[in-house]
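Trainee: Got a structure here, written out as structure tokens. Questions coming.
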Amino acid sequence: MSDATQFTPRGPRPRRIFSAPNIFLYGTLTVVAAYYALPLYVMITTSLKTMDEVRAGNIFSLPTQWTIEPWIKAWATACTGINCDGLSRGFWNSVRILIPSVILSISIASVNGYALANWRYKGAEFFFAVLMIGAFIPYQVMLYPIVLVLRAVGDFFGFQLYGTLGGLVIVHTIFGMPILTLLFRNYFSSLPEELFKAARVDGAGFWRIFFQVMLPMSLPIFVVAMILQVTGIWNDFLFGVIYTKPDIYPMTVQLNNIVNSVQGTKEYNVNMAATLLTGLVPLVIYFASGKLFVRGVAAGAVKG
Amino acid sequence: MNTNNFSVQIKDLDLAFGPVKVLRSLDLDINHGEFLVLLGSSGCGKSTLLNCIAGLLEPTDGQIFINGENVTWKEPSERGIGMVFQSYALYPQMTVEGNLTFGLRNARMPKAEIQKRVARAAEILQIEPLLQRKPGALSGGQRQRVASGRALVRDVDVFLFDEPLSNLDAKLRADLRVEIKRLHEQLQNTMIYVTHDQIEAMTLADRIAIMKGGNIMQLGTPHEIYNKPLNKYVADFIGSPSMNFLDGEFKGGAFVKGDVRLPMKGYEFQAAQTPDQAVTIGIRPEHVITGELVANAPVKMEAKVELIEPMGSDTLVWVRVAGEPFRIRVDGQTQLRNRETLTIGIDPARASLFARESEVRL
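Top to bottom, those sequences are chains A and B. Residue 72 in this note's numbering is what sits at position 72 of the first sequence, and the numbering runs on without skipping anything. Throughout, this note's numbering is defined as the position within the second sequence, counted from one, plus 1000.
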């Protein structure tokens, strides 16, 4: 290379990696990332220490004696109230709440959104407005009325709703409805209207258009709705503590009871392990569906 | 009822979105096997009309007959129509074959019959090698063909096209235009075709309906519409470069403006007697006579060249007539210079005369 190429601009502009702005930018990012990662580090190391070591107080040091004991205790033997089978009970309760709630709320909301976006029936605007108002009413206002409604409906049909998993599933489904319907409505509205018209000319009805034309194009929005619902329902504490009973408390409520138990010594290592265990499901969902999400978006990007 | 003579018949059709009237008591009769083009600028109601015929929009008032049957309250799929959309609207997750058969499967047609129809449509449109592909893997032209195929397999009498070529580049558009015309020649069924492109309209149509503000301004063959526009709007809309208009007076059988006087000899008036009045005359740039032929022209005048726009095959020359800018189309090989004085000839028989107030042809 001659000197001329260095001084006469030609081709791509050279970029310096260690320029002042870069150092500043990445320096700041590193510091901020460390700041947020530090508590996680402390939690993980503490959960792998023995109680003796925890009491010694060096919270930033690595365990001298690694142990998996606190995790096992948190999962299988920690006591909440009269039950001493650890978080495993709460985990399975949460799973039993989560799966039907997610499936039910997404199924209903997707049909709602589809109907609102594509079949502009009379009163659709009004219905949508009511639903949106529902999204802005604070939960606290509705807590007690819902207790009454669950009781009354249960009595009417002759089975228990208040204080059962079924009741909680219904509550989650209802409270997920406004935001999910909005999500699906907006997504279906963004799909080309002519596709819907073409399907009508092809003689497809409400459900056939939904299942055979709309659904195959909607993977991305279903993944988004799933992430939203799984994390929301898994992390829910308020409804869990109000609408269920100790035997069927979800994991979050049980975690609280373990961590905040006033009897005996505070077992920090067990508490840390329990907290990490409880947070594991949303974490897995984020990691697993991130990829799925991208794939979903890419698949949906094929234009007709 | 005397409705069986028409393939599609629209009676007194009204459509309003709230206070906005999109179609106003519209009547239209379309013959069997006719290629009718609905032409107009955007917002004129042409697509709305097509959607009404398809049953995708509910009219506020009026009736629609297809093959003599009142289909006003029928579902789109029950009307015996096939439709091709501007975006093609192919189902992206189905193969080409899936797209073609979707409507037939919905109608629970026997498999053998579906096979037969798909094979026929694929052969006519030459899309056999594409049947197992998804729409995403097709080119624009191929998608357009599949969209036509979806209408074709339905084996219906009426095809509706909603600006089917607007999404394509100019060259492909010209190619597919010919294909659609060929398809019509082959199938001989009724086609209603919406476009804003006057070239498409002129080349494809048996009859053109020019629409504006929810009304049909003129319904006629391309020849009629080009040569005898019924009003100034149609005259202005059709033709590229567009018609020259001069405002003047009609006095004693001649058009007069300033020192320009055009005796309207040979002009076919709509009425036997046309009183003197304020008028607008329309003269197409390509109907202005130049060169050696000027000698035989009924009316001659001098004009100074102001601007020259060469377009290859021909050249557009801007001159001034009676103080107003005036376009003339001359052969592309003509050598012209700016500020040169040109002798031009006008044949009043080929001009169009409109009443100034009502803009209606005289």
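Virtual Cβ for every residue (Gly too), placed ideally from N, Cα, C. Predicted model only: the values in this text are computed from it and were never measured.
Applying a beta-carbon distance threshold of less than 7 Å, which residues of chain A neighbour Asn-1106 (chain B)?
Mentor: Locating residue 1106 (chain B) in the second sequence gives position 106, where the first residue counts as 1. Per Cβ cutoff of 7 Å: Asp-202, Gly-203, Ala-204, Arg-208.
Trainee: Under three-state DSSP, which class holds Tyr-1193 (chain B)?
Mentor: Walking along the second sequence from the start, residue 1193 (chain B) turns up at place 193. Tyr-1193 (chain B) falls in the strand class under three-state DSSP.
Trainee: Mind listing which residues of the stretch 122-152 of chain A have their C-beta closer than 9 Å to chain B's C-betas, in chain order?
Mentor: For the stretch 122-152 of chain A, the set of positions with a beta-carbon nearer than 9 Å to some beta-carbon of chain B is empty.
Trainee: Between the alpha carbons of Arg-1024 (chain B) and Phe-211 (chain A), how many angstroms are there, rounded?
Mentor: On the second sequence, position 24 is the one that residue 1024 (chain B) refers to. On the first sequence, position 211 is the one that residue 211 (chain A) refers to. The straight-line gap from Cα to Cα measures roughly 38 Å.
Trainee: Once you ignore the five residues that flank Thr-1274 (chain B) on each side, which residues in its own chain have a CB closer than 6 Å to its CB?
Mentor: Sequence index remark: in the second sequence, residue 1274 (chain B) carries index 274 (1-based). Counting only Cβ-Cβ distances below 6 Å, and skipping sequence neighbours, we find Leu-1362.
Trainee: Report yes or no: do the stretch 1034-1052 of chain B and the stretch 1008-1016 of chain B share at least 3 C-beta pairs separated by less than 8 Å?
Mentor: yes
Trainee: Quick check: what's the CA-CA separation for Ile-1053 (chain B) versus Phe-1085 (chain B)?
Mentor: Translated into the one-based positions of the second sequence, residue 1053 (chain B) becomes position 53. Translated into the one-based positions of the second sequence, residue 1085 (chain B) becomes position 85. For Ile-1053 (chain B) and Phe-1085 (chain B), the gap between their C-alpha atoms comes out near 14 Å.
Trainee: List, in chain order, every chain B residue whose beta-carbon is nearer than 7 Å to that of Pro-216 (chain A).
Mentor: In the first sequence, residue 216 (chain A) corresponds to position 216, counting from 1. Chain B residues near Pro-216 (chain A): Gln-1093.
Trainee: Taking all protein chains shown into account, do 16 or more other C-beta atoms lie within 10 angstroms of the C-beta of Ile-1064 (chain B), making it buried, or fewer, making it exposed?
Mentor: One-based indexing of the second sequence puts residue 1064 (chain B) at position 64. Result: buried.
Trainee: Kindly indicate if chain A contains any beta-carbon less than 8 Å away from that of Gln-1086 (chain B).
Mentor: Residue mapping note: residue 1086 (chain B) aligns to position 86 of the second sequence, counting from 1. Closer than 8 Å: yes.
Trainee: In the DSSP output, what is Pro-1325 (chain B) paired with across the bridge?
Mentor: Position 325 of the second sequence, counted from the start, is the residue given in the question as residue 1325 (chain B). Pro-1325 (chain B) is bridged to B:Arg-1320.
Trainee: Check each residue of the stretch 1049-1080 of chain B: if its Cβ is closer than 9 Å to any Cβ of chain A, include it; give the result in chain order.
Mentor: Identification of residues in the stretch 1049-1080 of chain B having a C-beta nearer than 9 Å to some C-beta of chain A yields Asn-1051, Ala-1054, Gly-1055, Leu-1056, Glu-1075, Pro-1076, Ser-1077, Glu-1078, Arg-1079, given in sequence order.
Trainee: What did DSSP end up calling Thr-1334 (chain B) once you bin it into helix, strand or coil?
Mentor: Residue numbering aside, residue 1334 (chain B) sits at position 334 when the second sequence is read from its first letter. Note: Thr-1334 (chain B) maps to coil in three-state DSSP.
Trainee: In terms of residues, what are the limits of the beta strand (DSSP E) holding Ala-1209 (chain B)?
Mentor: Here residue 1209 (chain B) corresponds to residue number 209 of the second sequence, with the count starting at 1. Note, Ala-1209 (chain B): beta strand (DSSP E), 1207-1212.
Trainee: DSSP state of Asn-94 (chain A), grouped into three classes?
Mentor: Residue 94 (chain A) sits at position 94 when you count from the first residue of the first sequence. Note on identity: in this sequence residue 94 (chain A) is Ser, with Asn being the wrong assignment. The answer is helix: DSSP assigns Ser-94 (chain A) an H, G or I state.
Trainee: On a CA-only basis, which of B:Leu-1056, B:Ser-1042, B:Val-1022, B:Asn-1067 is nearest Phe-1006 (chain B)? Give me that one, please.
Mentor: Along the second sequence, read from residue 1 onward, the residue named residue 1006 (chain B) stands at position 6. Minimum Cα distance to Phe-1006 (chain B) is reached at B:Asn-1067.
Trainee: Is Thr-67 (chain A) closer than 8 Å to Ile-59 (chain A) when the C-beta atoms are compared?
Mentor: Walking along the first sequence from the start, residue 59 (chain A) turns up at place 59. Walking along the first sequence from the start, residue 67 (chain A) turns up at place 67. No.
Trainee: Check Met-1301 (chain B) in the structure and name its three-state DSSP category.
Mentor: Here the question's residue 1301 (chain B) lines up with position 301 in the second sequence. Strand at Met-1301 (chain B).
Trainee: So Arg-1329 (chain B) and Asp-1314 (chain B) are supposed to be a Cβ contact under 8 Å. How far apart are they, rounded?
Mentor: The residue given as residue 1329 (chain B) occupies position 329 in the second sequence. The residue given as residue 1314 (chain B) occupies position 314 in the second sequence. Correct: roughly 5 Å between the Cβ atoms.
Trainee: Name the two residues that bound the continuous beta strand (DSSP E) containing Phe-60 (chain A).
Mentor: Here residue 60 (chain A) is taken as the residue at index 60 of the first sequence, counted from 1. Careful: Phe-60 (chain A) lies outside any beta strand (DSSP E) and carries neither H nor E.
Trainee: Tell me which residue opens and which closes the beta strand (DSSP E) that Asp-1027 (chain B) is part of.
Mentor: If you number the second sequence from 1, residue 1027 (chain B) lands on position 27. Element bounds for Asp-1027 (chain B): 1020-1031.
Trainee: Looking at the C-beta of Val-223 (chain A), does it have a partner C-beta in chain B at a distance below 8 Å?
Mentor: By one-based count along the first sequence, residue 223 (chain A) stands at place 223. Output row for Val-223 (chain A): interface = no.
Trainee: At least one CB of chain B closer than 8 Å to the CB of Leu-280 (chain A): is that the case?
Mentor: Walking along the first sequence from the start, residue 280 (chain A) turns up at place 280. Output row for Leu-280 (chain A): interface = no.
Trainee: Can you find the residues in the same chain that come closer than 8 Å, C-beta to C-beta, to Arg-151 (chain A), ignoring five residues on each side of it along the sequence?
Mentor: As a position in the first sequence, residue 151 (chain A) is number 151, starting the count at 1. Cβ neighbours of Arg-151 (chain A) within its own chain (closer than 8 Å, five residues either side excluded): Leu-161, Tyr-162.
Trainee: How about Gly-1089 (chain B): is its C-beta nearer than 8 Å to some C-beta of chain A?
Mentor: The residue given as residue 1089 (chain B) occupies position 89 in the second sequence. Contrary to the premise, residue 1089 (chain B) reads as Ala rather than Gly in this sequence. True, the Cβ-Cβ gap to chain A drops below 8 Å.
Trainee: Along the chain, where does the beta strand (DSSP E) containing Phe-1017 (chain B) start, and where does it finish?
Mentor: The residue labelled residue 1017 (chain B) in the question sits at position 17 within the second sequence. Counting along the chain, the beta strand (DSSP E) containing Phe-1017 (chain B) begins and ends at 1006-1017.
Trainee: Which of the three DSSP states, helix, strand or coil, is assigned to Asn-1070 (chain B)?
Mentor: Counted from its first residue, the second sequence places residue 1070 (chain B) at position 70. Strand, per DSSP.
Trainee: Closer than 8 Å by beta-carbon distance: list the chain B residues that pair up with Val-117 (chain A), in chain order.
Mentor: As a working note, residue 117 (chain A) is residue 117 in the first sequence. Just to set this straight, residue 117 (chain A) is Ala in the shown sequence, not Val. The premise fails here: Ala-117 (chain A) is roughly 16 Å from chain B at the closest Cβ pair, so nothing lies under 8 Å.
Trainee: Per the DSSP calculation, Val-1084 (chain B) is bridged to which residue(s)?
Mentor: Here residue 1084 (chain B) refers to the residue found at position 84 of the second sequence. Val-1084 (chain B) pairs with B:Phe-1161.
Trainee: I'd like to know if Met-1109 (chain B) contacts chain A, where contact means its C-beta is closer than 8 Å to some C-beta of that chain.
Mentor: Taking the first residue of the second sequence as position 1, residue 1109 (chain B) is located at position 109. No, its Cβ sits nowhere closer than 8 Å to a Cβ of chain A.
Trainee: Is there a Cβ of chain B sitting closer than 8 Å to that of Ala-78 (chain A), yes or no?
Mentor: Taking the first sequence and counting its residues from 1, the one referred to as residue 78 (chain A) is at position 78. Ala-78 (chain A) does not count as touching chain B.
Trainee: Name the one or two DSSP bridge partners that Val-1360 (chain B) has.
Mentor: In the second sequence, the residue the question calls residue 1360 (chain B) occupies position 360. BP columns for Val-1360 (chain B) point to B:Asn-1231.
Trainee: Taking only beta-carbon atoms, is Phe-1159 (chain B) less than 8 Å away from chain A?
Mentor: Counting from 1 along the second sequence, the entry for residue 1159 (chain B) is found at position 159. No, because no Cβ of chain A sits closer than 8 Å to the Cβ of Phe-1159 (chain B).
Trainee: Rounded to whole angstroms, what is the Cα-Cα separation between Arg-89 (chain A) and Leu-98 (chain A)?
Mentor: In the first sequence, the residue the question calls residue 89 (chain A) occupies position 89. In the first sequence, the residue the question calls residue 98 (chain A) occupies position 98. Each residue's alpha carbon lies about 14 Å from the other.
Trainee: Can Phe-1159 (chain B) and Thr-1190 (chain B) be called in contact, C-beta distance under 8 Å?
Mentor: As a first step, residue 1159 (chain B) is located in the second sequence; it is residue number 159 there, counting from the start. As a first step, residue 1190 (chain B) is located in the second sequence; it is residue number 190 there, counting from the start. Closer than 8 Å, so yes.
Trainee: Could you name the residues of the same chain whose beta carbon sits closer than 7 Å to that of Ala-74 (chain A), not counting the 5 residues immediately before and after it, in chain order?
Mentor: Taking the first residue of the first sequence as 1, we reach residue 74 (chain A) at position 74. Close CB contacts of Ala-74 (chain A) within its chain, under the 7 Å cut and outside five residues either way in sequence, are with Gly-86, Leu-87, Val-270, Ala-273, Ala-274, Leu-277 (chain order).
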